[in-house]
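Enquirer: My questions will all concern the structure given below.
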Amino acid sequence: MKTDITGTIFKIKRFSIHDGPGIRTSVFLKGCPLNCIWCHSPEGISSDIAIWHDNSLCIACGQCVKACPNSALKLSKESESIINIDRSICSLSGDCVNVCPTGAIQFTGYKISVKDIMSEIEKDILYYNKSEGGITLTGGEPLYQPGFSSEILKACKEKNIRTAIESCLFCDKETIDRISEFVDLFIIDMKIYNKAKHVQYTGKSNEIIKDNFRHIAKSGKDILVRIPMIKGITDTKENLNAIEEFVHGINKLIPIEHISYNPLTENNYKRLGLGFLLKNSTP
Ligand code: SF4
Ligand code: SF4
Numbered sequence: 004m005k006t007d008i009t010g011t012i013f014k015i016k017r018f019s020i021h022d023g024p025g026i027r028t029s030v031f032l033k034g035c036p037l038n039c040i041w042c043h044s045p046e047g048i049s050s051d052i053a054i055w056h057d058n059s060l061c062i063a064c065g066q067c068v069k070a071c072p073n074s075a076l077k078l079s080k081e082s083e084s085i086i087n088i089d090r091s092i093c094s095l096s097g098d099c100v101n102v103c104p105t106g107a108i109q110f111t112g113y114k115i116s117v118k119d120i121m122s123e124i125e126k127d128i129l130y131y132n133k134s135e136g137g138i139t140l141t142g143g144e145p146l147y148q149p150g151f152s153s154e155i156l157k158a159c160k161e162k163n164i165r166t167a168i169e170s171c172l173f174c175d176k177e178t179i180d181r182i183s184e185f186v187d188l189f190i191i192d193m194k195i196y197n198k199a200k201h202v203q204y205t206g207k208s209n210e211i212i213k214d215n216f217r218h219i220a221k222s223g224k225d226i227l228v229r230i231p232m233i234k235g236i237t238d239t240k241e242n243l244n245a246i247e248e249f250v251h252g253i254n255k256l257i258p259i260e261h262i263s264y265n266p267l268t269e270n271n272y273k274r275l276g277l278g279f280l281l282k283n284s285t286p
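Numbered according to my numbering, the sequence shown spans residues 4 to 286.
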């Protein structure tokens, strides 16, 4: 087991009850091959670390502006955000993060070793055992960092901790085969059945995803399908029926959950200084 291997994550959430059965620790990995216009964790799409600014926590003290060695930050009275960030000249020195008294300015992720993740995970083994919970790798897309994910899953299995992975399955089959033996439950995000619409709203075709789904289902692994309910895009009768026909055409016993959309998602785009495409794209 390579516990010194490191990867990039943006969050570890203990006592999670929405990412699989029982009480779980969810590890959110950075990087995703898709670019869904509704993504509720846009900080997880890029594998690069950046900084973000949360207006609701900012008291406009200007400490970060003074501390920045590159003059990448400006206090703004006119724009919607109190601090304007020029990310093209930010060197990620972290000076702003260190001086901010409220945590309004933060890195969007951090490097961590498998060993350090396991120290967090192992704190709640008792809860996993009592609730039939465990850990869930999510993101972003955990299979975007296959080596790192596979070492975390392996380390969990060594400790008899149940494992789940939440994935969009946009990866090669070898990646799935590499991690499959260490995964108890695949939580598969299926978004849009129609290929052209999948390309339109996520940036990629879903052919690989469908192939990988068949591959996992054939192996007999436990699967839970999740569909994010995006108004007028994924929540149409046509789309929901098509996904259900596809999934249950392979195995009638695979459960399908509809996941309601968090209306506060737009704030995450503002923190990153990104436009929120969903706002103008909903039919
Ligand atoms: S991380 Fe460093 S360079 Fe980037 S904005 Fe903050 S202080 Fe400036
Ligand atoms: S240091 Fe923090 S609270 Fe102060 S202006 Fe900068 S982001 Fe806002």
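Beta carbons are placed, not taken as given, at the ideal position from N, Cα and C, and that holds for glycine.
Going by DSSP, what residue range makes up the beta strand (DSSP E) through H43?
Expert: On the sequence shown, position 40 is the one that residue 43 refers to. Taken as a continuous stretch (DSSP letters only), H43 belongs to no beta strand (DSSP E), as it is neither H nor E.
Enquirer: If you drop the 5 nearest sequence neighbours on each side, which residues of the same chain put their C-beta closer than 6 Å to that of K16?
Expert: As a working note, residue 16 is residue 13 in the sequence shown. S29, listed in sequence order.
Enquirer: Just reading off the beta strand (DSSP E) that F31 is part of, what are its end residues?
Expert: Numbered from 1 along the sequence shown, position 28 holds the residue referred to as residue 31. Start and end: 27-32.
Enquirer: Taking the straight line between their C-alpha atoms, what separation do you get for L60 and G106?
Expert: Walking along the sequence shown from the start, residue 60 turns up at place 57. Walking along the sequence shown from the start, residue 106 turns up at place 103. Whole-angstrom Cα-Cα distance: 7 Å.
Enquirer: Using 6 Å as the cut-off, classify the Cβ of C103 as near or not near the heavy atoms of ligand 1, replying yes or no.
Expert: The residue labelled residue 103 in the question sits at position 100 within the sequence shown. Not under cutoff, so the answer is no.
Enquirer: Over the uninterrupted beta strand (DSSP E) stretch that includes V228, give me the two end residues.
Expert: Counted from its first residue, the sequence shown places residue 228 at position 225. Unbroken beta strand (DSSP E) run through V228: 225-232.
Enquirer: Determine the burial state of Q203: buried for a count of at least 16 other Cβ atoms within 10 Å of its Cβ, exposed for fewer.
Expert: Within the sequence shown, residue 203 is the residue found at index 200, counting from 1. The residue is exposed, with fewer than 16 neighbouring Cβ atoms inside 10 Å.
Enquirer: Going by DSSP, what residues sit across from H261 in a beta bridge?
Expert: The count along the sequence shown starts at 1 and reaches residue 261 at position 258. In the DSSP output, where bridge partners are listed per residue, H261 has I230.
Enquirer: At a cut-off of 6 Å, would you count S94 as near ligand 3, judging by its Cβ distance to the nearest heavy atom?
Expert: Ligands displayed in this structure: ligand 1 and ligand 2; ligand 3 is not among them.
Enquirer: Tell me whether C99, by its Cβ, gets closer than 6 Å to a heavy atom of ligand 1.
Expert: Position 96 of the sequence shown, counted from the start, is the residue given in the question as residue 99. Checking the Cβ of C99 against ligand 1 gives yes.
Enquirer: Counting only the same chain and skipping the five closest in sequence on each side, list residues whose C-beta sits under 6 Å from that of N254.
Expert: Translated into the one-based positions of the sequence shown, residue 254 becomes position 251. Same-chain partners within the cutoff: A220.
Enquirer: May I ask which residues mark the beginning and end of the beta strand (DSSP E) holding E144?
Expert: Stepping through the sequence shown from its first residue, residue 144 is reached at position 141. It is not in any beta strand (DSSP E) - E144 carries neither H nor E in the DSSP assignment.
Enquirer: Say yes only if the C-beta of I108 is nearer than 6 Å to one or more non-hydrogen atoms of ligand 2, and no if none qualify.
Expert: The count along the sequence shown starts at 1 and reaches residue 108 at position 105. Yes, the beta carbon of I108 sits closer than 6 Å to at least one heavy atom of ligand 2.
Enquirer: What separation, rounded to the nearest whole angstrom, lies between the Cα atoms of P149 and P72?
Expert: Here residue 149 corresponds to residue number 146 of the sequence shown, with the count starting at 1. Here residue 72 corresponds to residue number 69 of the sequence shown, with the count starting at 1. If I take the Cα positions, the gap works out to 36 Å.
Enquirer: Are at least three pairs of beta-carbons, each pair with one atom in the region 72-85 and one in the region 34-44, less than 8 Å apart?
Expert: With the cut-off at 8 Å, the region 72-85 and the region 34-44 do not touch.
Enquirer: Check the C-beta distance from R27 over to I138 and give it rounded, since I have them as a contact under 8 Å.
Expert: Your numbering for residue 27 matches position 24 in the sequence shown. Your numbering for residue 138 matches position 135 in the sequence shown. The pair is a contact, with the Cβ atoms about 6 Å apart (cut-off 8 Å).
Enquirer: Kindly list the residues whose CB is nearer than 6 Å to the CB of T268, restricted to its own chain and excluding five residues on each side of it in sequence; keep chain order.
Expert: Within the sequence shown, the letter at position 265 stands for residue 268. So the qualifying residues of the chain are H43.
Enquirer: Could you check whether L227 and I182 sit closer than 7 Å to each other, using their CB atoms as the reference points?
Expert: Locating residue 182 in the sequence shown gives position 179, where the first residue counts as 1. Locating residue 227 in the sequence shown gives position 224, where the first residue counts as 1. Going by C-beta atoms, I182 is not nearer than 7 Å to L227.
Enquirer: Does the distance from the CB of L76 to the CB of I88 come in under 7 Å?
Expert: Position 73 of the sequence shown holds residue 76. Position 85 of the sequence shown holds residue 88. Yes, the pair counts as a contact, with Cβ atoms nearer than the cut-off.
Enquirer: Ordered along the chain, which non-local residues of its own chain (more than five positions away) have a Cβ less than 7 Å from that of L280?
Expert: Here the question's residue 280 lines up with position 277 in the sequence shown. Closer than 7 Å at Cβ, skipping near neighbours: I40.
Enquirer: What residue does the beta strand (DSSP E) around E368 start on, and which one ends it?
Expert: Residue 368 cannot be examined here, being either before or after the span of the chain that is shown, 4 to 286.
Enquirer: Return the CA-CA distance between H56 and G97, expressed in angstroms with no decimal places.
Expert: In the sequence shown, counting from the first residue as 1, residue 56 sits at position 53. In the sequence shown, counting from the first residue as 1, residue 97 sits at position 94. When rounded, the distance between both Cα atoms is 13 Å.
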